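Engineer: Here the sequence shown is numbered in the numbering used here, starting from 3 and rising by one per residue.
Cβ atoms here follow ideal geometry from the backbone N, Cα and C, with glycine treated the same way.
The model shown is predicted, which means the values in this text are computed figures rather than measured ones.
Quick one: this structure, given as structure tokens, is what I'll be asking you about.
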Amino acid sequence: MDLSCELADGIILRPVHAADAGPLAEALQANRSHLAPWEPARAEEFCTVEGQREVIRRRQADLESGTALSMVLTGGDGILGLLTLSSIVRGAFQNAHVGYWIAQSVQGRGLMTAAVAAAVGIAKDGLGLHRLEAATLVRNAASQRVLEKNGFEAYGTARAYLRIAGQWQDHRIYQRLL
């Protein structure tokens, strides 16, 4: 199965490549304050080209082992976002976790909703998964709308689930059966 797809007007969702280190570092630097409330606290090096080279090396190893698939949204302005199917578990579970971010400059245009829809298809038809789950900060209404528009249902709240912006924070947990 081809893991690349056009989402809208030349915006492509495709697997991360080694050559994406520079554009990813640039996108992360440009969106650092936008992403800070929603992401784990990151060392300065994370947003550098070398930091992203190391992250991509790990993501490639995860892809080769079948435990994750990281994809970038690309367009005329470079990298616009990242979507990852992570913690892929086989056997009786056939499950993955969905995580994503989008650049502030293109937020609200439906691109991440389209990217998650494409990822649902890849998870079902390309990876043969049965279930996807996602977690959003309780106050992240925009991300919750993305999931709900894609048929995810909230099924609980996990207290102190992830350390985001330097604090353990509650998350709303979503699932979608494929």
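Are the CB atoms of G93 and A29 nearer to each other than 9 Å?
Structural biologist: No, these two residues do not count as a Cβ contact at 9 Å.
Engineer: Helix, strand or coil for S88 per DSSP?
Structural biologist: Here S88 sits in strand by DSSP.
Engineer: Which whole-angstrom value describes the C-beta separation of G24 and V51, a residue pair presumed to lie in contact below a C-beta threshold of 8 Å?
Structural biologist: Confirmed, Cβ separation roughly 5 Å.
Engineer: Do V57 and L37 have their beta-carbon atoms positioned less than 9 Å apart in this structure?
Structural biologist: No. Outside cutoff.
Engineer: Among all the DSSP beta bridges, which residues are the ones paired with R16?
Structural biologist: DSSP, once it has assigned bridges, lists V74 as partnering R16.
Engineer: Put T159 into one of helix, strand or coil per three-state DSSP.
Structural biologist: In the structure shown, T159 sits in a strand (DSSP, three-state: E or B).
Engineer: Tell me which same chain residues have a C-beta within less than 6 Å of the C-beta of Q62, skipping the five on either side of it?
Structural biologist: So the list is empty, once near-sequence residues are dropped.
Engineer: Look at the alpha carbon of A10 and the alpha carbon of A156, and state the distance between them as a whole number of angstroms.
Structural biologist: For A10 and A156, the distance between alpha carbons rounds to 28 Å.
Engineer: Starting from L9 and walking both ways along the beta strand (DSSP E), at which residues does that stretch end?
Structural biologist: Counting along the chain, the beta strand (DSSP E) containing L9 begins and ends at 7-10.
Engineer: Ends of the beta strand (DSSP E) at T115?
Structural biologist: Here T115 belongs to no beta strand (DSSP E); instead the alpha helix (DSSP H) covers 113-123.
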